[in-house]
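Undergrad:
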Amino acid sequence: MKTYICSNLFEKFIKNPMFLVLLCSVSVAHAQLPSYAYTFESNFEGNSNSHLLLVDQNYLVHTVYSKSPADFKKTVGGYYELKNDHIIVNLEFNSNFSMDSITTISIPYTLKGNQLFLELEGNKNQMNTGPLTSQDLDGKWLMAGRVTEEGENRRDTTRPRKTMKFLHNGYFQWIAFNTETMEFFGTGGGSFTSTDGKYIENIEFFSRDNSRVGASLDFNYNLKNGNWYHMGKSSKGDPLHEIWSSRN
């Protein structure tokens, strides 16, 4: 198992745009990063990449992809803590794990008011946040089962094999992974809306099939006892009635 230390401004991984150094600006008194869905664009050796960084009070997911042509590049994520001017992320998933064996990221950060910057190849890039908005389905969710003709068919959300959705500030991402083996099974994400029982996903990246990018999927939903009941058709057109449970 490896720990990747983000230091010396890309010196070790200058040839790989997937490894990034994050400089986060928060007040010194904060014990966590500003909770946002951050987006920004980067250009490395003529290749344009889009970045989505989902951050809440204890979890961080960073995804890199190309918009034109549509091409998924990488995603990593896990629970984080702030320690000795570093963001320590214990990864639950790493789409490149089979190649780099990285399970922990240590990210140096600086505190400057309330603005988040990312430093790439020696340049500070201000990350875009847009207005902070809240919606019904904001949060982290674990796939907890399905509703069938016989009733609810639940699964154990404590098992290593998980499918998680992270929704925040108008952006969503689902990730399928195994916390014990670090196996990565797939991810997809983009923008979303969830109001008045109608949930709409607009796909901007999809690791399993880039041709799905650009599609919009409509679902119905309701919230009950900490569960999200999700009804509609999958990206393949198959009917579904899923149950998602809230994750801290």
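Going by the numbering used here, the first residue of the sequence shown is number 45, and it counts up by one from there. Virtual Cβ for every residue (Gly too), placed ideally from N, Cα, C.
How is N254 classed by DSSP in three states: helix, strand or coil?
TA: Note: N254 maps to helix in three-state DSSP.
Undergrad: Considering only the alpha carbon of each residue, which of S79, S260, L267, K268 lies closest to L160?
TA: Per the Cα distances, S79.
Undergrad: Hey, how far is the Cα of E136 from the Cα of T107?
TA: Approximately 14 angstroms, taken between the alpha carbons.
Undergrad: Please list, in chain order, all residues of the same chain as F221 whose beta carbon is under 7 angstroms from its beta carbon, the five residues on each side excluded.
TA: The answer, listed in chain order, is E136, F137, K206, E227, F228, F229.
Undergrad: Could you check the C-alpha separation between S92 and D180 for me, to the nearest Å?
TA: Going from the Cα of S92 to the Cα of D180 covers about 33 angstroms.
Undergrad: For a quick check, are the C-beta atoms of F116 and S251 less than 7 angstroms apart?
TA: Yes, the Cβ-Cβ distance between F116 and S251 is below 7 angstroms.
Undergrad: Beta-carbon of T173 versus every beta-carbon of chain C: anything under 7 angstroms?
TA: No chain C is part of this structure, which consists of one protein chain only.
Undergrad: From what residue to what residue does the beta strand (DSSP E) around M208 run?
TA: Residues 205-212.
Undergrad: Rounding to the nearest angstrom, what Cα-Cα distance links V70 and Y265 in this structure?
TA: Reliability of the predicted coordinates at V70 is poor, the pLDDT of 34 falling under 50, and no value is obtained from them.
Undergrad: So D262 is in the beta strand (DSSP E); what residue range does that whole segment cover?
TA: 260-268 is the span of the beta strand (DSSP E), which, as asked, contains D262.
Undergrad: Just how far apart, CA to CA, sit D182 and N213?
TA: The straight-line gap from Cα to Cα measures roughly 7 angstroms.
Undergrad: Does the contact criterion of 3 or more C-beta pairs under 8 angstroms hold for the stretch 236-244 versus the stretch 96-104?
TA: Short answer: they don't touch.
Undergrad: Ordered along the chain, which non-local residues of its own chain (more than five positions away) have a Cβ less than 6 angstroms from that of N246?
TA: Only G234, S235, S260 meet the Cβ criterion.
Undergrad: How is the alpha helix (DSSP H) around M143 delimited, first residue to last?
TA: From DSSP, the alpha helix (DSSP H) with M143 extends over 141-144.
Undergrad: Please work out which residues of its chain come closer than 6 angstroms, Cβ to Cβ, to A73, disregarding the five sequence neighbours upstream and downstream, and give them in chain order.
TA: For A73, the predicted structure reports a pLDDT of 40, less than 50, and the residue's modelled location is therefore unreliable. The matter cannot be settled from this model.
Undergrad: CA-CA distance, L177 and F210?
TA: What sits at residue 177 in the sequence shown is Thr, not Leu. Cα to Cα, the separation comes out at about 15 angstroms.
Undergrad: Alpha carbon to alpha carbon, how far is F263 from H274? Give it in angstroms, no decimals.
TA: So the two alpha carbons sit approximately 7 angstroms from each other.
Undergrad: Suppose you measure from the CA of E248 to the CA of G258; what does that come to, to the nearest Å?
TA: Straight-line Cα distance between these residues: approximately 6 angstroms.
Undergrad: Comparing alpha-carbon positions, which option in G90, G232, M208, V133 lies nearest L96?
TA: Among G90, G232, M208, V133, the Cα nearest to that of L96 is on G232.
Undergrad: So, helix, strand or coil for T231, using DSSP?
TA: Note: T231 maps to strand in three-state DSSP.
Undergrad: Per DSSP, R190 forms a beta bridge with which residues?
TA: N197, E286.
Undergrad: What does G183 pair with, by DSSP beta-bridge criteria?
TA: In the DSSP output, where bridge partners are listed per residue, G183 has L211.
Undergrad: Nearest-angstrom Cα distance between S94 and E194?
TA: Answer to the nearest angstrom: the Cα atoms are 44 angstroms apart.
Undergrad: Using the C-alpha atoms, what's the distance from N197 back to Q76?
TA: Using only the alpha carbons, I get a separation of about 36 angstroms.
Undergrad: Going by C-alpha distance, which of I149, G121, L267, T119 is nearest Y243?
TA: Of the candidates I149, G121, L267, T119, the one whose C-alpha sits nearest the C-alpha of Y243 is L267.
Undergrad: Label T147 either buried or exposed according to how many other C-beta atoms from any shown protein chain fall within 10 Å of its C-beta, with 16 as the threshold for buried.
TA: With 16 or more other Cβ atoms within 10 Å, it is buried.
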